[in-house]
Amino acid sequence: MKLKNRNFITMDEWKREELEFLIGNAMKLKKIGYKSKPLKDKIIAMVFFNPSLRTRTSLQAGIYKLGALAIDLSIGQGVWELEHKEGIIMDGKAAEHVKDAAQVLSKYCDAIAVRKFPDMKNWGEDKKDAVINGFAKYSDVPVINLEGAMEHPCQALADMMTIKEHFKNLKRKKLLLAWTYHPKSLPMAVPNSIALASSKFGMDVSIAFPPEFKLDSSVLKKIKDNCLLNKSNLEIFNNQEDAYKNADVIYAKSWGSINFYGNPEQEMKLKQNLKTWIVDSKKMKLTNNAKFMHCLPIRRNIEATDGVIDGKDSIIYQQAENRMHTQNSLLTELIS
Amino acid sequence: MKLKNRNFITMDEWKREELEFLIGNAMKLKKIGYKSKPLKDKIIAMVFFNPSLRTRTSLQAGIYKLGALAIDLSIGQGVWELEHKEGIIMDGKAAEHVKDAAQVLSKYCDAIAVRKFPDMKNWGEDKKDAVINGFAKYSDVPVINLEGAMEHPCQALADMMTIKEHFKNLKRKKLLLAWTYHPKSLPMAVPNSIALASSKFGMDVSIAFPPEFKLDSSVLKKIKDNCLLNKSNLEIFNNQEDAYKNADVIYAKSWGSINFYGNPEQEMKLKQNLKTWIVDSKKMKLTNNAKFMHCLPIRRNIEATDGVIDGKDSIIYQQAENRMHTQNSLLTELIS
Amino acid sequence: MKLKNRNFITMDEWKREELEFLIGNAMKLKKIGYKSKPLKDKIIAMVFFNPSLRTRTSLQAGIYKLGALAIDLSIGQGVWELEHKEGIIMDGKAAEHVKDAAQVLSKYCDAIAVRKFPDMKNWGEDKKDAVINGFAKYSDVPVINLEGAMEHPCQALADMMTIKEHFKNLKRKKLLLAWTYHPKSLPMAVPNSIALASSKFGMDVSIAFPPEFKLDSSVLKKIKDNCLLNKSNLEIFNNQEDAYKNADVIYAKSWGSINFYGNPEQEMKLKQNLKTWIVDSKKMKLTNNAKFMHCLPIRRNIEATDGVIDGKDSIIYQQAENRMHTQNSLLTELIS
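Protein sequence lines, in the order shown, are assigned to chains A, B and C.
Residue numbering for the first sequence follows our numbering, starting at 1 and increasing by one per position.
Residue numbering for the second sequence follows our numbering, starting at 1001 and increasing by one per position.
Residue numbering for the third sequence follows our numbering, starting at 2001 and increasing by one per position.
Next up, the structure:
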């Protein structure tokens, strides 16, 4: 298995057995703790274009536990704005090009982790993840995606570890990715990554959303391919009740509509009638005693009720904790 | 003495002998330096809702000296805005609830230190310190108050250490908490904490302020109780000259008026006639060769003159230095 | 050679042999790596009034490699605004005085590094570098200039190391400091420092700029003195073609006009006709196979073309890397 020096940007580029190997190591780290320091004297740059609590803290804490240093760089807030278009005449707001930032950071650091949310204006542009891929193209060191427009692979890795902690065998276990109402138009990276990961791991996958909130068709195609390969079920629902039946995992998440991309006011109008898309105890009762999952941050009593979030089947804090262990397992393979 | 795993939020929850024990250890650390690393591999999250120079730097530096890592998180500046109301429907600005942030940070860190200034709109709300107490309620690890609406206990601990460095016996030593003019309405945390701490330690306490700037009555009650218990004097002055007489310590500080809370323009009008409430050499001459103290940041020639601030009796930088040693002493007891 | 505990603020205060000694040590560090930890347990505060990518990251990474801790403080963004005028009545925006910040930080840290760009309103005021010099005046520990109005000595030190990596003997080697067009009015610190440093090291120095963009006369005087002392050539050009001839190093940089200081709109009008002041392949062909240098961040296809920036003679990333090694060499001498 060749993991050293690779990037971690999409689920696609990583095989199931590679991801399972990372999760296995993460479970060991969680169990035995961090006495050895496999990344002693290593330096990882975290480049944040957007806010972060879990990612920032789990990386800083985890990297420290591995014996290394995390450097926290927040673009536009102490660090120069970055341009990503190739060949452009840079007479705009950005003072520096990703091309240069990536090569410069490569001189000081052993890995570069980048969070760059989509601009939510133009899906065709956003889905290229030009900034993260720009870093990957020009960096001499591994680049880790901390959430772009298309994927949030570190989240999905932690999620799959968490699911495996509860279900020894994932075959015929049904994960429902449940769209929820939210007062803002959110990115699709988390729903994409969990659907890609759970289908890759052989789970039955259901996705429930109002008709306007279909995921990107290229992503759906890959989810379908994963299910075909694993002989597992893929079901799409445009209503909630049917979708919850027999689910073993409810993964709640809001995301924006590609139909209304760049048009949040119109999306918001539509969403006024969609406030019933919330995870509550009544819906959870339709499931097979499902575990409740969410990547956080979660809007309480909007995406799910306090009762569900704080209930005995909620494993959200376990997901958060596993962010650290899976990232640590990943980093150790990439750069130790 | 049971100090392990406790929170450090108010003076009230800590006994005089416990605080004196912490100060004693801080004095040792200051004297012998930081060769042992009692917090090796520990991680402390610092959650700042407001600016900080001393607190941020003294914690980062001190925690490093103890062998541990401080993670610097600034809310609303790289980290999601946090909601603190229980049971609320989160359709506002905040993307995450303190309940979740506290439990998530507990997974990565061994202690959480929080600075959350009052909003300065509604004293009844502010005095609950809902954010800091929310962290304390939901965190699995000790929570340290880095300044809320009611108290700044880390400052008071450093202040009492500094006073004890100058006065072996605090009995009959008079500390004057001297209100000063300031162009802004400031929180009451520092005056509350130093008055609570100095009275708890048995000093005679005087407080001088224009009549509209009375401290919260629940705090005054506790100060009075402390003085009764210690058979020490408590005096309230609405003029300056009498107050300075025989003082051994002048603790200068501006704070806002509860009468005009949420109404800074009206308070400012009133304050136009209060610019003589400044610590100057003339007033210092009325004292018993008093030491001059201030928590910093200080507005020079507004709260006190350059002459006093830079004078031989000023011990403000010693206070600042002792922030580090007392915090280190505290952290070592709480989480080593 | 007495380097311990000194400040590093201007080229003037440092002798050529001292700088060469620092560069020699930096070359060793670059070659043999960072196994020894000469700054174990030391703490360096980085005070940023302005954005930074290279400086922030090279310092944090480098300081970590030396075994020490860098504390990242961003003024006005988590840290109080600072006043620098002496004796002022502080009733404005700034909550704290440099005098106090410097003395407080000295209690926690072993060195203070400060970036404070000019305000670009009044050159007479800016050129005093009052904030950086204020830190130097009041700090008890060494102060390092991370770029002020007049100089960026850490950049110049890295630049001279980079030049020395390519040219064993600097005598009769010609460095052209080439002004370029830029959509903003930029500080003069980098051009000042590289011209001062290269002339101090005995290179032939040429400076090309449109007539309105003359450097400060006090700086030009020092450059001239350096050239006289070293019996090297100083040439000033107001056109580009002649200037490039026989150059061994092209150092591209834009800077603002002292004539139009505080008047960026008027400067911008003038600059509309100066967009040909860009480094391109055609101009590079006029040189003696010159190396292309820039301090970064660079605006691509504005200051230089992609072809030049990414070309085989571009040594910009080497400059960036050498920032770390020279700073490490410097810090080791100042505070180990």
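Quick reminder that beta carbons are idealized off the backbone N, C-alpha and C, glycines included.
C-beta atoms of Gly1078 (chain B) and Ser52 (chain A) nearer than 8 Å
Within the second sequence, numbered from 1, the residue matching residue 1078 (chain B) stands at position 78. Within the first sequence, numbered from 1, the residue matching residue 52 (chain A) stands at position 52. Cβ atoms of Gly1078 (chain B) and Ser52 (chain A): closer than 8 Å.
With 16 as the cutoff for other CB atoms within 10 Å, does Gln327 (chain A) come out buried or exposed?
As a working mapping, residue 327 (chain A) is identified with position 327 in the first sequence. Buried.
Whether His2097 (chain C) touches Val2131 (chain C) by CB criterion (8 Å)
To locate residue 2097 (chain C), count along the third sequence from 1; it is residue 97. To locate residue 2131 (chain C), count along the third sequence from 1; it is residue 131. Not closer than 8 Å, so no.
For the ligand ATP, any of its heavy atoms closer than 7 Å to the Cβ of Asp1110 (chain B)?
Ligands in the displayed structure: none, and consequently the ligand ATP is not present.
Using the beta-carbon count (16 or more within 10 Å), is Asp248 (chain A) buried or exposed?
Within the first sequence, the letter at position 248 stands for residue 248 (chain A). By the Cβ-count criterion, Asp248 (chain A) is buried, with 16 or more other Cβ atoms from all chains shown falling within 10 Å of its own Cβ.
Does the region 2229–2239 of chain C touch the region 2255–2275 of chain C, meaning 3 or more C-beta pairs lie closer than 8 Å?
Taking a contact to require three or more Cβ pairs closer than 8 Å, the region 2255–2275 of chain C and the region 2229–2239 of chain C do not qualify as touching.
Sufficient close CB pairs (3 or more, under 8 Å) joining the region 2032–2049 of chain C to the region 2065–2079 of chain C
yes
Taking the continuous alpha helix (DSSP H) assigned at Trp123 (chain A), which residues delimit it?
What you label residue 123 (chain A) is simply residue 123 of the first sequence in a count that begins at 1. 123–126 is the span of the alpha helix (DSSP H), which, as asked, contains Trp123 (chain A).
In whole angstroms, what separates the C-alpha of Arg1300 (chain B) from that of Val1190 (chain B)?
On the second sequence, position 300 is the one that residue 1300 (chain B) refers to. On the second sequence, position 190 is the one that residue 1190 (chain B) refers to. Roughly 18 Å between the two C-alpha positions.
Going by DSSP in three states, Arg2172 (chain C) sits in which element: helix, strand or coil?
For the purposes of this step, residue 2172 (chain C) is taken as residue 172 along the third sequence, with counting starting at 1. Here Arg2172 (chain C) sits in coil by DSSP.
Taking the CB atoms as reference points, tell me whether Leu2029 (chain C) and Ser2329 (chain C) lie closer together than 8 Å.
For the purposes of this step, residue 2029 (chain C) is identified with residue 29 of the third sequence, where counting begins at 1. For the purposes of this step, residue 2329 (chain C) is identified with residue 329 of the third sequence, where counting begins at 1. Yes.
Touch check for the region 163–172 of chain A and the region 120–138 of chain A: three-plus C-beta pairs under 8 Å?
no
Hey, how far is the Cα of Ile1071 (chain B) from the Cα of Ile1043 (chain B)?
Along the second sequence, one-based indexing puts residue 1071 (chain B) at 71. Along the second sequence, one-based indexing puts residue 1043 (chain B) at 43. Distance between Ile1071 (chain B) and Ile1043 (chain B), taken at the CA atoms: about 7 Å.
How about Met2203 (chain C) and Ile2250 (chain C): do their beta carbons lie closer than 8 Å?
As a position in the third sequence, residue 2203 (chain C) is number 203, starting the count at 1. As a position in the third sequence, residue 2250 (chain C) is number 250, starting the count at 1. No; because the gap between Cβ atoms is not below 8 Å, this pair is not in contact.
Spatial distance of Ile2278 (chain C) from Leu2022 (chain C) (CA atoms)
Against the third sequence, residue 2278 (chain C) aligns to sequence position 278. Against the third sequence, residue 2022 (chain C) aligns to sequence position 22. Cα to Cα, Ile2278 (chain C) sits roughly 33 Å from Leu2022 (chain C).
Extract the residue ranges of the alpha helix (DSSP H) inside the region 163–237 of chain A, only unbroken runs of 4 or more that lie entirely within it.
189–200, 217–230
Arg340 (chain A), enclosing alpha helix (DSSP H) - first and last residue
As shown, chain A starts at 1 and ends at 336. That puts residue 340 (chain A) outside it, with no answer to give.
Whose CA, out of B:Phe1201, B:Glu1086, B:Leu1196, B:Gly1092, lies closest to the CA of Arg1172 (chain B)?
Residue numbering aside, residue 1172 (chain B) sits at position 172 when the second sequence is read from its first letter. Proximity to Arg1172 (chain B) across B:Phe1201, B:Glu1086, B:Leu1196, B:Gly1092 peaks at B:Phe1201, based on C-alpha coordinates.
So Met1268 (chain B) contacts chain C; which residues on that side make the cut at Cβ distance below 8 Å?
Residue mapping note: residue 1268 (chain B) aligns to position 268 of the second sequence, counting from 1. Simply none; closest approach about 11 Å.
Closer than 7 Å by beta-carbon distance: list the chain B residues that pair up with Trp2080 (chain C), in chain order.
Mapped onto the third sequence, residue 2080 (chain C) falls at position 80. In chain order: Pro1051, Leu1053, Pro1297.
Counting only C-beta atoms, is Pro183 (chain A) closer than 8 Å to chain B at any point?
Position 183 of the first sequence, counting from 1, holds the residue named residue 183 (chain A). Yes, contact with chain B.
Rounded separation between Gly2307 (chain C) and Asp2280 (chain C) - CA only:
The residue you call residue 2307 (chain C) lines up with position 307 of the third sequence. The residue you call residue 2280 (chain C) lines up with position 280 of the third sequence. One C-alpha to the other measures close to 7 Å.
Looking at chain B, is there any beta carbon in it that lies within less than 8 Å of the beta carbon of Val2141 (chain C)?
One-based indexing of the third sequence puts residue 2141 (chain C) at position 141. Under the Cβ distance rule, Val2141 (chain C) does not count among the residues neighbouring chain B, no pair being separated by less than 8 Å.
Other residues of its chain near Ser139 (chain A): CB distance less than 6 Å, five sequence neighbours each side excluded
Counting from 1 along the first sequence, the entry for residue 139 (chain A) is found at position 139. The residues are Ala102, Ser106, Ile112.
Straight-line gap, Gly2067 (chain C) to Trp80 (chain A) (C-alpha atoms, nearest Å)
Taking the first residue of the third sequence as 1, we reach residue 2067 (chain C) at position 67. Taking the first residue of the first sequence as 1, we reach residue 80 (chain A) at position 80. Approximately 28 Å between the Cα atoms of the pair.
Go ahead and label Pro211 (chain A) buried or exposed: buried means 16 or more other beta carbons lie within 10 angstroms of its beta carbon, across all protein chains shown.
For this step, residue 211 (chain A) is matched to residue 211 along the first sequence. With fewer than 16 Cβ atoms within 10 Å of its Cβ, Pro211 (chain A) is classed as exposed.
Since Ala1158 (chain B) meets chain C, which of its residues come closer than 8 Å, beta carbon to beta carbon?
To locate residue 1158 (chain B), count along the second sequence from 1; it is residue 158. Chain C residues near Ala1158 (chain B): none, gap ~11 Å exceeds 8 Å.
When we look at the beta-carbon of Asn145 (chain A) and count the other beta-carbons within 10 Å, is it buried (16 or more) or exposed?
As a working note, residue 145 (chain A) is residue 145 in the first sequence. The residue is buried, with at least 16 neighbouring Cβ atoms inside 10 Å.
Output yes if chain A places a C-beta closer than 8 Å to the C-beta of Ala1045 (chain B); else output no.
Mapped onto the second sequence, residue 1045 (chain B) falls at position 45. Ala1045 (chain B) counts as touching chain A.
Sub-8 Å separation of Phe8 (chain A) and Pro187 (chain A) beta-carbons
Translated into the one-based positions of the first sequence, residue 8 (chain A) becomes position 8. Translated into the one-based positions of the first sequence, residue 187 (chain A) becomes position 187. In this structure, Pro187 (chain A) does not lie closer than 8 Å to Phe8 (chain A) by Cβ.
By alpha-carbon positions, which one of C:Met2001, C:Lys2004, C:Lys2002, C:Thr2010 ends up nearest to Val2219 (chain C)?
As a working note, residue 2219 (chain C) is residue 219 in the third sequence. Per the Cα distances, C:Thr2010.
Since Glu1303 (chain B) and Ser1257 (chain B) should fall inside the 8 Å C-beta cutoff, what is the C-beta to C-beta distance between them, to a whole number of angstroms?
Here the question's residue 1303 (chain B) lines up with position 303 in the second sequence. Here the question's residue 1257 (chain B) lines up with position 257 in the second sequence. At roughly 16 Å, the Cβ-Cβ gap does not stay under 8 Å, so Glu1303 (chain B) and Ser1257 (chain B) are not in contact.
Counting only Cβ pairs nearer than 7 Å, list the residues of chain B close to Gln2060 (chain C).
Position 60 of the third sequence holds residue 2060 (chain C). Within chain B, no C-beta atom comes nearer than 7 Å to that of Gln2060 (chain C); the closest sits roughly 12 Å away.
Among B:Pro1038, B:Leu1215, B:His1294, which has the Cα closest to the Cα of Ser1314 (chain B)?
Translated into positions along the second sequence, residue 1314 (chain B) becomes position 314. It is B:His1294 whose Cα lies nearest to the Cα of Ser1314 (chain B).
Could you check whether Leu2176 (chain C) and Ala2095 (chain C) sit closer than 8 Å to each other, using their CB atoms as the reference points?
The sequence position of residue 2095 (chain C) within the third sequence is 95, counting from 1. The sequence position of residue 2176 (chain C) within the third sequence is 176, counting from 1. No.
For a contact defined as C-beta to C-beta under 9 Å, what are the partners of Lys1312 (chain B) on chain A?
Counting from 1 along the second sequence, the entry for residue 1312 (chain B) is found at position 312. Simply none; closest approach about 39 Å.
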